[in-house]
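In our numbering, the protein residues as written are 643 to 894.
For glycine and all other residues, C-beta sits at the position ideal for the given N, C-alpha and C.
Computed from a predicted model, the values in this text were never measured in an experiment.
Below is one structure; the comments refer to it alone.
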């Protein structure tokens, strides 16, 4: 039942018809959720941080590379199975498993515990460079990643310049923050010991990620809303079908 405010000028409101403000709020909430999930969410942070924590903790205690590496890899597999049981996406879990597996192999084959962290460090550096290059090329990586999730595809490049600016700023933020992270870790890799590198890498796991996500959210919150090109295509298809049906009816 619609509730009617009897004060002058008040309009009736209904449950299902909340108006543009409600639609905008729902769209924003969906976008915020999509933003966090696109980068792995809480489970993604666990997948990428906890195995490294286990490795450095065990290695600090007993200085046994093999035990530490096997424990970290085993935990990574357990986390992936937990995602499978919970029917969550395995994309981030598998990337975590592969990263830990490569690190474990490098560390055990070389006999240097620092090499456990090298694959992840190289990946972070490569990703930082990719962010910077994509921003310079005006194809910001954050836009390429979030565009399909937010149903705008590449419309932000040609039809929504405000979002192009926001995506470019967000991409620069990711690139710069990851470059700073690399600038801290690589000197420790070359001149520090494995324990120092491990604890610093764990400490630099979640905070930079959260800062990047927060800055991305800030930039996008100030940008124009995404253009739902999927809805536009569906509407165009409905209009075409209606026009075709009207033409067939007229011919009959």
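Can you grab the Cα-Cα spacing for the pair residue i / residue j, in whole Å?
| i | j | result |
| --- | --- | --- |
| residue 881 | residue 872 | 14 Å |
| residue 765 | residue 703 | 28 Å |
| residue 845 | residue 738 | 17 Å |
| residue 861 | residue 753 | 45 Å |
| residue 692 | residue 859 | 25 Å |
| residue 776 | residue 813 | 8 Å |
| residue 826 | residue 696 | 21 Å |
| residue 751 | residue 710 | 14 Å |
| residue 819 | residue 883 | 50 Å |
| residue 822 | residue 689 | 22 Å |
| residue 717 | residue 758 | 15 Å |
| residue 705 | residue 851 | 29 Å |
| residue 863 | residue 792 | 13 Å |
Quick one: residues in its chain with C-beta nearer than 6 Å to the C-beta of residue i, no 5 flanking neighbours on either side, listed in chain order?
| i | result |
| --- | --- |
| residue 665 | At residue 665, the pLDDT of 49 sits below 50, so the modelled position is not reliable and the matter cannot be decided from this model. |
| residue 755 | 701, 707, 749, 836 |
| residue 687 | 848 |
Give every residue of the same chain whose Cβ lies closer than 7 Å to the Cβ of residue i, excluding the five residues on either side of it in the sequence, and list them in chain order.
| i | result |
| --- | --- |
| residue 789 | 795, 796, 798 |
| residue 893 | none |
| residue 772 | 783 |
| residue 719 | 739 |
| residue 841 | 698 |
| residue 774 | 817 |
| residue 857 | 812, 815 |
| residue 762 | 741, 745 |
| residue 770 | 817, 820, 821, 824 |
The alpha helix (DSSP H) with residue i in it runs from where to where?
| i | result |
| --- | --- |
| residue 861 | 848 to 863 |
| residue 772 | 760 to 778 |
| residue 756 | Segment: none, residue 756 is in no alpha helix (DSSP H) and carries neither H nor E. |
| residue 790 | 783 to 791 |
| residue 869 | Segment: none, residue 869 is in no alpha helix (DSSP H) and carries neither H nor E. |
| residue 796 | Note, residue 796: premise wrong, no alpha helix (DSSP H); not H, not E. |
Going along the chain, which residues of its own chain have a beta-carbon closer than 8 Å to the beta-carbon of residue i, five neighbours each way excluded?
| i | result |
| --- | --- |
| residue 712 | 746 |
| residue 877 | none |
| residue 838 | 830 |
| residue 715 | 693, 739, 742, 743, 746 |
**Item:** Segment contact flag, the segment 775 to 789 with the segment 800 to 814, C-beta cutoff 8 Å, min 3 pairs
**Value:** Under the 8 Å Cβ criterion, the segment 775 to 789 counts as touching the segment 800 to 814, having at least three qualifying pairs.
**Prompt:** Counting pairs of Cβ atoms below 8 Å between the segment 829 to 846 and the segment 862 to 872, do you hit three or more?
**Reply:** Three or more Cβ pairs closer than 8 Å define a contact, and the segment 829 to 846 falls short of that threshold against the segment 862 to 872.
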